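Numbering (this note's numbering), first residue to last: 2 to 257.
Pasting the structure below:
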């Protein structure tokens with residue numbers, strides 16, 4: 002539901018000065034934490050793709066999924082989606098905004114109530130719960146995520162970040178179809194060139210400061226003691242109209 006960020010130079014005046022500079026640099030660059038190591042390992046693993054990574058129980062946006070939350074159950078047009086964000090992001094973009102239109106950045110979301118059911122089942126609270134959510138959603142380990150924001154969006158304004166971006170099935174294809182030795186991408190509403198978008202997102206995800214993008218419709222759960230299949234992820238297309246359905250701190254949302 003979609004993450005960024007991470008030297009010094011010295012003049013060698015002599016052996017002693019060089020050693021001093023090295024020691025200072027070592028002190029300024031602490032060893033990575035266990036979470037950082039696990040996160041980087043997840044990025045490395047997610048960068049390689051195979052049929053073994055396909056998950057065939059994605060939380061689908063389909064009429065056959067009885068758990069989905071529809072604004073009008075009879076019409077089944079607007080569906081509730083959820084995004085986890087920092088308090089600062091919520092205050093800036095959503096607190097005093099009843100709705101809007103997505104701009105040049107696609108919003109990464111999950112479908113309600115999947116992540117709420119997950120976090121409720123953990124039995125965790127406070128920082129432990131926030132840490133577990135960062136793992137499950139494939140988020141950077143050292144950034145704050147404090148608020149769940151629920152939005153109403155048209156079902157046609159959502160797509161999966163997969164080679165086959167349709168939303169109503171329970172698995173993603175590993176690769177694009179090929180014609181004349183070239184990959185062929187489908188048309189996606191709000192995306193001018195889906196193959197170009199896909200390749201650009203791939204380049205970002207596996208560069209420094211990236212994220213473990215699976216490209217198979219699920220977030221990468223980077224907890225080393227759990228399966229890597231996280232929540233089913235979707236994107237809101239550019240130009241989509243959305244309305245805020247609700248917002249709550251993490252603990253309050255997960256207690257419901």
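We put the CB at the ideal spot given by N, CA and C, even for glycine.
Since this is a predicted model, take the numbers as computed values, not measurements.
Spatial neighbours of residue i in its chain, beta-carbon cut-off 7 Å, leaving aside the 5 residues before and after
{"i": "residue 113", "result": "70, 81, 82, 83 and 151"}
{"i": "residue 58", "result": "171"}
{"i": "residue 37", "result": "142"}
{"i": "residue 257", "result": "117"}
{"i": "residue 205", "result": "211"}
{"i": "residue 234", "result": "2, 109, 111, 162, 218, 219 and 220"}
{"i": "residue 226", "result": "none"}
{"i": "residue 52", "result": "175"}
{"i": "residue 77", "result": "64 and 71"}
Buried or exposed by the 16-neighbour rule on C-beta atoms within 10 Å, applied to residue i
{"i": "residue 68", "result": "exposed"}
{"i": "residue 232", "result": "buried"}
{"i": "residue 222", "result": "buried"}
{"i": "residue 24", "result": "Residue placement at residue 24 is poorly supported in this model, since its pLDDT is 44, which falls under 50; the coordinates are not used for a value here."}
{"i": "residue 26", "result": "A caution first: residue 26 carries a pLDDT of 44, below 50, which makes its placement in the model unreliable, though a value can still be read off. So residue 26 counts as exposed."}
{"i": "residue 179", "result": "exposed"}
{"i": "residue 211", "result": "buried"}
{"i": "residue 85", "result": "buried"}
{"i": "residue 197", "result": "exposed"}
{"i": "residue 218", "result": "buried"}
{"i": "residue 185", "result": "exposed"}
{"i": "residue 98", "result": "exposed"}
{"i": "residue 33", "result": "exposed"}
{"i": "residue 74", "result": "exposed"}
{"i": "residue 31", "result": "exposed"}
{"i": "residue 164", "result": "buried"}
{"i": "residue 228", "result": "exposed"}
{"i": "residue 250", "result": "exposed"}
{"i": "residue 213", "result": "buried"}
{"i": "residue 64", "result": "exposed"}
{"i": "residue 201", "result": "exposed"}
Other residues of its chain near residue i: CB distance less than 6 Å, five sequence neighbours each side excluded
{"i": "residue 238", "result": "158, 190 and 191"}
{"i": "residue 48", "result": "207"}
{"i": "residue 166", "result": "160 and 189"}
{"i": "residue 230", "result": "56 and 219"}
{"i": "residue 126", "result": "252"}
{"i": "residue 121", "result": "255"}
Neighbourhood of residue i by C-beta distance below 8 Å, restricted to the same chain and skipping five residues each side
{"i": "residue 102", "result": "240, 241, 242 and 243"}
{"i": "residue 224", "result": "39, 133, 136 and 137"}
{"i": "residue 123", "result": "130, 133 and 255"}
{"i": "residue 88", "result": "145, 147 and 148"}
{"i": "residue 248", "result": "91, 95, 96, 148, 149, 150 and 151"}
Supposed contact pair residue j and residue i - C-beta distance, whole angstroms, cut 8 Å
{"i": "residue 236", "j": "residue 107", "result": "4 Å"}
{"i": "residue 143", "j": "residue 62", "result": "Not a contact, Cβ separation roughly 32 Å."}
{"i": "residue 216", "j": "residue 50", "result": "6 Å"}
{"i": "residue 79", "j": "residue 154", "result": "7 Å"}
{"i": "residue 100", "j": "residue 245", "result": "6 Å"}
{"i": "residue 148", "j": "residue 91", "result": "4 Å"}
{"i": "residue 60", "j": "residue 66", "result": "7 Å"}
Are there three or more Cβ pairs, one per stretch, closer than 8 Å when the stretch 186-204 is compared with the stretch 155-167? yes
Would you call the stretch 33-46 and the stretch 116-124 touching, i.e. three or more CB-CB distances under 8 Å? no
Report the start-end ranges of each beta strand (DSSP E) in the stretch 128-167 that is 3 residues or longer and not cut off at the edges. Secondary structure in the stretch 128-167: the beta strand (DSSP E) runs of 3 residues or longer, each lying completely within the stretch, are 148-155 in chain order.
Secondary structure, beta strand (DSSP E): runs of 3+ residues fully inside the stretch 68-119: 79-86, 100-102 and 108-112
Could I get the ranges of all uninterrupted beta strand (DSSP E) runs contained in the stretch 207-242, with 3 residues as the minimum, in chain order? 219-221, 230-233 and 235-237
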